[in-house]
Amino acid sequence: MNSPITRIGGKKILRKTICEHFPESASFERYIEVFGGAGWLLFYKDKHANLEVYNDADGELVNLMRCIKYHAGELQRELDGYCNSREFFEDVRAQTDVRGFTDIQRAARYFLRMKLSFGADMQSYGCSAKNLSNAVEYFTDVQRRLLSSAVVIEHKDFENLIKVYDRPTAFFYCDPPYHTTEKYYDIKFTESDHIRLRDTLSTIEGKFLLSYNDDDFVRDLYKDFNIALVERNNNLSSGKFKELIITNY
Ligand SMILES: C[S@@+](CC[C@H](N)C(=O)[O-])C[C@H]1O[C@@H](n2cnc3c(N)ncnc32)[C@H](O)[C@@H]1O
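Sequence positions in the sequence shown follow my numbering and run 2 to 250.
Here it is as structure tokens:
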């Protein structure tokens, strides 16, 4: 199934290719999506493993996923009262840290900010007619997916998450902010975080697959692991994007 949200860096186009590089499903019992984002790989299959974990360090995004999982109907009703207007978008954008909203209100406002923004950048009003009702009705399907296999929704920094869930039977799918494009996310990700991720993944007992942009810094960081190059069409031009799939198996 599709993800319920659009988010910068989402792996909608690459999900099939990335999934083909996953280890044999019989070889792992826990599937952990460390940098969850829109969760395109999680939603690509009905079930990856007996234990599935979605994680992201962005608390607003995690709150949205949690509300879809537990309060899809309430979130749908809340969104019924909202509209597509520049004024509404600007107000929501300006009020991200304002206190006093319920979790469902926060989730609805975050979802709409994402939907109404240009290219899901969350910053500029998209000026387009959106059919929000289809997206909102879809929450019920997503809720079923999240509840049917009891997906655990976590809100942690990657290092602690990986240490907590690591086992020989764990498989971590890691899709960090791409090197040099980190600024598109609300959560800061620095050069030292890229190194910290490599150091964390170097010590695990389980398996990992990492998707990254093709860049000398990344290639050097992971020179001791298996690196495969994949290409995808660039939506905005006739060129191709080169991406790396890095594994420890
Ligand atoms: C490239 S996106 C993931 C896209 C996702 N695979 C998808 O298909 O939509 C990277 C995500 O990492 C999250 N993130 C940034 N820093 C993090 C950290 N220290 N720990 C965990 N998640 C983090 C961001 O909030 C963002 O949602």
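Glycine included, every Cβ here is placed at the ideal spot set by N, Cα and C. The structure displayed is predicted, hence computed values, not measured ones.
Could you give the distance in angstroms between the alpha-carbon of residue i and the alpha-carbon of residue j?
| i | j | result |
| --- | --- | --- |
| Gln96 | Arg110 | 10 Å |
| Ile154 | Asp187 | 19 Å |
| Asn3 | Tyr139 | 9 Å |
| Gly11 | Asp59 | 15 Å |
| Gly74 | Leu133 | 15 Å |
| Leu80 | Lys157 | 27 Å |
| Arg107 | Glu232 | 37 Å |
Among the candidates the options, whose CA atom is the shortest distance from the CA of residue i?
| i | options | result |
| --- | --- | --- |
| Leu211 | Arg8, Val137 and Phe172 | Phe172 |
| Glu88 | Thr170, Gly40, Leu80 and Arg114 | Arg114 |
| Leu65 | Thr103, Val231 and Ala151 | Thr103 |
| Lys208 | Arg8, Ile33 and Ile6 | Ile33 |
| Ile251 | Ser26, Tyr45 and Gly37 | No answer is possible for residue 251: it lies beyond the span of the chain, which begins at 2 and ends at 250. |
| Val143 | His180, Ile69, Tyr166 and Leu133 | Ile69 |
| Phe23 | Gly11, Leu42 and Gly38 | Leu42 |
Taking residue i and residue j to be in contact with their CB atoms under 8 Å, please state how far apart those CB atoms are, rounded to whole angstroms.
| i | j | result |
| --- | --- | --- |
| Leu245 | Tyr213 | 5 Å |
| Phe226 | Thr248 | 7 Å |
| Ile6 | Tyr185 | Not confirmed; about 15 Å, so no contact. |
| Asn56 | Glu30 | No, Asn56 and Glu30 are not in contact; Cβ-Cβ is about 17 Å, not under 8 Å. |
| Glu53 | Val152 | 5 Å |
Hey, does residue i have any beta-carbon neighbour from chain D nearer than 9 Å?
| i | result |
| --- | --- |
| Thr7 | Protein chain content of the structure displayed is limited to a single chain, and chain D is not contained in it. |
Is the beta carbon of residue i less than 9 Å from the beta carbon of residue j?
| i | j | result |
| --- | --- | --- |
| Ala130 | Asn85 | yes |
| Gly82 | Leu62 | no |
| Leu147 | Ile105 | no |
| Thr170 | Ser28 | yes |
I'd like to know if the segment 190-206 and the segment 218-225 are in contact, where contact means that at least 3 CB-CB pairs between them fall below 8 Å. yes
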